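Colleague: This is the structure I want to talk about, given as C-alpha cells.
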Amino acid sequence: MNNLINLTKEQDNSQTCNEQHQEHSQYVVYTDGACANNHLQNLGSRKAGWAAITLINGQLVGEQSGSLKGEDATSNRAELIAAIRGLSGVPEGAYIELFTDSKYVIQCITEWLGNWKKNGWRTANKKPVKNMDLIQELDELYQNRCVHMTWVKGHSGNELNERADSLAKQTMMINT
Numbered sequence: 002m003n004n005l006i007n008l009t010k011e012q013d014n015s016q017t018c019n020e021q022h023q024e025h026s027q028y029v030v031y032t033d034g035a036c037a038n039n040h041l042q043n044l045g046s047r048k049a050g051w052a053a054i055t056l057i058n059g060q061l062v063g064e065q066s067g068s069l070k071g072e073d074a075t076s077n078r079a080e081l082i083a084a085i086r087g088l089s090g091v092p093e094g095a096y097i098e099l100f101t102d103s104k105y106v107i108q109c110i111t112e113w114l115g116n117w118k119k120n121g122w123r124t125a126n127k128k129p130v131k132n133m134d135l136i137q138e139l140d141e142l143y144q145n146r147c148v149h150m151t152w153v154k155g156h157s158g159n160e161l162n163e164r165a166d167s168l169a170k171q172t173m174m175i176n177t
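Take 2 as the starting number for the sequence shown in the numbering used here and just add one per residue.
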C-alpha cells in the first residue's frame with residue numbers, strides 16, 4: 002500500500018469515533034475531480050467534473066457524478082464537491098473510509114480549517130479563503146460523521162480511484 006498515505010490527524014473528529022466502528026468500517030467512499038482548461042483566463046471556457054463511488058461492506062452501492070462550467074469549474078472545487086457528495090450519501094454518525102487523490106481536500110479539513118475559522122476565514126496572508134462555501138459544507142458533513150481520510154496516489158492503478166477519475170472526466174465532457 003505504498004501509494005496510500007493516511008493524513009488524518011489526532012485532533013480530527015476521528016479521535017471521538019467509536020473503536021468498534023473503526024474495526025468494522027462499513028462505508029467506503031472514493032472521490033475524484035477533473036478539470037479541463039483550468040488555466041484559461043476565459044472563465045466561460047472552463048469545465049470540470051466530479052465523481053463519488055460508495056461501497057457498503059465491500060459491495061458497490063452507488064456511483065454519482067456531475068459537472069461544472071464557467072468560473073466555478075476548477076479542479077479544487079470539483080474535488081471538494083466530490084467529497085461533499087460522497088459524504089452526504091452516508092448517514093450521520095457512520096464511520097467512513099474516504100479515499101481521495103486530492104491532498105487539497107484532506108488538508109482543508111485536517112490542517113488548515115482550524116486557523117481559517119480562528120482568523121475569520123482569512124488565510125495567513127489575510128486574503129479570503131477560496132472555496133469557503135464548499136469547505137464549510139464539507140466541514141459540516143465531516144463533523145457529523147466519523148471520517149477517516151486517506152490520500153491515494155492518482156493514476157497509480159487503484160481500481161476505484163481510476164473508476165472515479167474516469168466517471169469525473171466522462172461527466173465533464175458529456176455535460177458541459
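For every residue, glycine included, the Cβ atom is placed at its ideal position computed from N, Cα and C. A quick note: this is a predicted structure, and the numbers were derived from the prediction, not measured.
1) Could you spell out where the beta strand (DSSP E) holding A52 opens and where it closes?
2) Within the same chain, show all residues whose beta-carbon is closer than 7 Å to that of N58, passing over the 5 residues directly before and after it, in chain order.
3) Quick one: Cα of T32 to Cα of K127, how far?
4) Go ahead and pull the three-state DSSP assignment for R146.
5) Alpha carbon to alpha carbon, how far is W117 from T124? Give it in angstroms, no decimals.
6) Using the C-alpha atoms, what's the distance from S46 back to N159?
7) With a 10 Å radius around its C-beta and 16 neighbouring C-beta atoms as the bar for buried, classify W122 as buried or exposed.
8) Could you check where the alpha helix (DSSP H) with N79 kicks off and where it finishes?
9) Hey, is the stretch 102 to 121 in contact with the stretch 135 to 150, meaning 3+ C-beta pairs nearer than 8 Å?
10) Name the residue from Q65, I175, I85, L61 whose alpha carbon lies nearest to the alpha carbon of V106.
11) Helix or strand or just coil, what does DSSP make of T172?
12) Could you tell me which residues DSSP puts in a beta bridge with I97?
13) In terms of residues, what are the limits of the alpha helix (DSSP H) holding G115?
14) Thinking C-beta only, is A37 closer than 7 Å to A83?
15) M173 and S68: beta carbons closer than 7 Å?
Modeller: This is what the structure gives:
1) 48 to 57
2) Q27
3) 30 Å
4) coil
5) 6 Å
6) 31 Å
7) exposed
8) As written in the sequence, residue 79 is Ala, which differs from the Asn given in the question. Note, A79: alpha helix (DSSP H), 76 to 89.
9) yes
10) I85
11) helix
12) Y28, V148
13) 114 to 119
14) no
15) yes
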